[in-house]
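*Asks:* Chains A and B, in that order, are what the protein sequence lines are.
Quick note, in our numbering, the first sequence goes up one by one and the last residue is 682.
Quick note, in our numbering, the second sequence goes up one by one and the last residue is 106.
C-beta atoms are modelled at their ideal positions from N, C-alpha and C, and glycine is treated no differently.
In this text, all values refer to a predicted model and were calculated from it rather than measured experimentally.
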Amino acid sequence: MLSVLNSLQITRFEQALSRRELLLKIAEIAIENGWAKEGFAQALLEREEKYPTGIHAPGSGIAIPHADAEWTLTPGLIVVVLDQPVVFEPMGGQGGEVQANLVFLLLISNPDDHVAFLSALADFISDAGKLHQLRQPEGVTLLLNHLKQAGV
Amino acid sequence: MNRAAVILVMCGSSIATSTLAAVKIEEEAKRRNVSVVVKKGKVSDADVLLQSTKADIIVATAVLPPRDDVPVFNGVPLLTGIGQKELFDQIFDAVSKIKD
Chain A
531 MLSVLNSLQI TRFEQALSRR ELLLKIAEIA IENGWAKEGF AQALLEREEK
581 YPTGIHAPGS GIAIPHADAE WTLTPGLIVV VLDQPVVFEP MGGQGGEVQA
631 NLVFLLLISN PDDHVAFLSA LADFISDAGK LHQLRQPEGV TLLLNHLKQA
681 GV
Chain B
7 MNRAAVILVM CGSSIATSTL AAVKIEEEAK RRNVSVVVKK GKVSDADVLL
57 QSTKADIIVA TAVLPPRDDV PVFNGVPLLT GIGQKELFDQ IFDAVSKIKD
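1) If you check the beta carbons only, do T25(B) and D613(A) fall under 9 Å apart?
2) Give the DSSP-derived three-state secondary structure of S590(A) in the structure shown.
3) Is it right to say S20(B) is buried, meaning 16 or more other beta carbons lie within 10 angstroms of its own, or is it exposed?
4) Could you tell me which residues DSSP pairs with K60(B) in its beta bridges?
5) Classify E92(B): buried if its beta carbon has 16 or more other beta carbons within 10 angstroms, exposed otherwise.
6) What's the call for T671(A), buried or exposed, on a 16-neighbour Cβ count within 10 Å?
7) Taking the alpha-carbon of I561(A) as reference, which of R549(A), E578(A), G659(A), I608(A) has the nearest alpha-carbon?
8) Cα-Cα, which of A573(A), E600(A), P588(A) is closest to Q663(A)?
9) Could you tell me which whole beta strand (DSSP E) segments of length 3 or greater appear in the region 553 to 637 of chain A?
10) Just to confirm the assignment, what range does the beta strand (DSSP E) spanning Q666(A) have?
11) Mind checking the region 556 to 581 of chain A against chain B and listing, in chain order, the residues whose C-beta falls within less than 8 Å of any C-beta there?
12) Shortest alpha-carbon distance to V78(B) belongs to which of S58(B), D53(B), I88(B), E34(B)?
13) Looking at chain A, which residues of the region 7 to 26 of chain B have a Cβ within less than 9 Å of any of its Cβ atoms?
14) Alpha carbon to alpha carbon, how far is I638(A) from F570(A)? Give it in angstroms, no decimals.
15) Mapping DSSP to helix, strand and coil, what is T86(B)?
16) Would you say G47(B) lies against chain A (beta-carbon separation less than 9 Å)?
17) In the DSSP output, which residue or residues are listed as bridge partners for I13(B)?
18) If you count every other CB in all the chains shown that lies within 10 Å of the CB of E600(A), and 16 or more means buried, which is it?
19) Between the C-alpha atoms of V611(A) and I104(B), what's the straight-line distance to the nearest angstrom?
20) For the region 605 to 630 of chain A, enumerate the residues whose C-beta is nearer than 9 Å to any C-beta of chain D, in chain order.
21) Distance cutoff 9 Å, beta carbons only. Does L55(B) sit that close to anything in chain A?
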């Protein structure tokens with residue numbers, strides 16, 4: 531089974547970005563890495579407009595944008611640390627707009643293959659301390675270890 | 007009720023958040039020793055899926071208008087852990103009230 535651990539990237543943006551600019555940038559990274567097909571950016575934007583993915587997580591605003599599985603070439607995860615929060619609409623429509631300072635771009639092919647990964651990610655985003663540490667330089671190691679321990 | 011309750015978990019694409027929410031509901035059902043069948047789908051297919059799965063309860067992580075036929079719960083707490091216990095209590099309370 532392809533593990534997302536083989537295609538995990540953390541990137542940081544210092545500049546202020548609109549949601550559209552951010553999604554276009556990270557979609558481009560996914561395509562350049564060979565993890566998503568051409569056209570992924572548009573699919574990601576449309577999906578986010580229709581079904582927003584902002585989440586009021588403990589101590590942080592986060593978002594987990596993703597598109598349908600057909601766009602994924604290699605399952606992966608791009609974590610974006612934002613120095614300037616980007617506004618996302620809330621998933622499920624409740625709780626008002628989300629000032630996201632962490633974004634997890636999910637590249638999923640077959641969800642049933644990624645249950646361990648998705649559960650581990652949910653545990654991670656439920657933990658205020660871990661989310662905070664993810665913003666530090668050693669954050670990537672922390673996330674990798676968390677996913678490995680969860681058997682991803 | 008003599009049969010397992012059917013819980014339909016839905017999100018926008020039926021790939022990420024509904025998978026998570028489904029796993030958590032199955033785990034909690036085991037802990038509570040309640041038998042449930044969890045199905046997944048897209049909110050845009052709600053009407054068709056309700057018919058085909060004969061679901062008793064809907065848990066959605068995307069906006070779904072309230073329905074007259076089955077209770078609808080917002081599943082976002084299953085992703086963040088915030089309010090998760092209360093949501094489980096509500097879901098399994100609804101399960102316990104299902105009649106054959």
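*Replies:* In short:
1) The residue given as residue 25(B) occupies position 19 in the second sequence. The residue given as residue 613(A) occupies position 83 in the first sequence. No.
2) Working through the first sequence from its first residue, we reach residue 590(A) at position 60. Secondary structure of S590(A) (DSSP, three-state): strand.
3) Position 14 of the second sequence, counting from 1, holds the residue named residue 20(B). Per the 10 Å Cβ criterion, buried.
4) The residue given as residue 60(B) occupies position 54 in the second sequence. DSSP lists no partner for K60(B).
5) As a working note, residue 92(B) is residue 86 in the second sequence. It is exposed - the Cβ of E92(B) has fewer than 16 other Cβ atoms within 10 Å.
6) In the first sequence, the residue the question calls residue 671(A) occupies position 141. So T671(A) ends up on the exposed side.
7) Residue numbering aside, residue 561(A) sits at position 31 when the first sequence is read from its first letter. The option with the nearest alpha carbon to I561(A) is I608(A).
8) Position 133 of the first sequence holds residue 663(A). Closest option to Q663(A), Cα to Cα, is P588(A).
9) 584 to 587, 590 to 593, 606 to 618, 628 to 637
10) For the purposes of this step, residue 666(A) is taken as residue 136 along the first sequence, with counting starting at 1. Q666(A): not part of any beta strand (DSSP E); DSSP gives it neither H nor E.
11) R577, K580, Y581
12) For the purposes of this step, residue 78(B) is taken as residue 72 along the second sequence, with counting starting at 1. Ranking the options by Cα distance to V78(B), first place goes to D53(B).
13) C17, G18, S19, S20, I21, A22, T23, S24, T25, L26
14) Stepping through the first sequence from its first residue, residue 570(A) is reached at position 40. Stepping through the first sequence from its first residue, residue 638(A) is reached at position 108. For the pair F570(A) and I638(A), the Cα-to-Cα distance works out to about 12 Å.
15) To locate residue 86(B), count along the second sequence from 1; it is residue 80. DSSP places T86(B) in the helix class (H, G or I) of the three-state scheme.
16) By 1-based counting over the second sequence, the position of residue 47(B) is 41. Output row for G47(B): interface = no.
17) What you label residue 13(B) is simply residue 7 of the second sequence in a count that begins at 1. In the DSSP output, where bridge partners are listed per residue, I13(B) has V44(B), I63(B).
18) Locating residue 600(A) in the first sequence gives position 70, counting from the first residue. Exposed: under 16 other Cβ atoms inside 10 Å.
19) On the first sequence, residue 611(A) is found 81 positions in, with the first residue counted as 1. On the second sequence, residue 104(B) is found 98 positions in, with the first residue counted as 1. Spanning the two alpha carbons is a distance of roughly 45 Å.
20) This model lacks chain D altogether; the protein chains it does include are A and B.
21) Against the second sequence, residue 55(B) aligns to sequence position 49. Chain A, which has no Cβ nearer than 9 Å to the Cβ of L55(B), makes this no.
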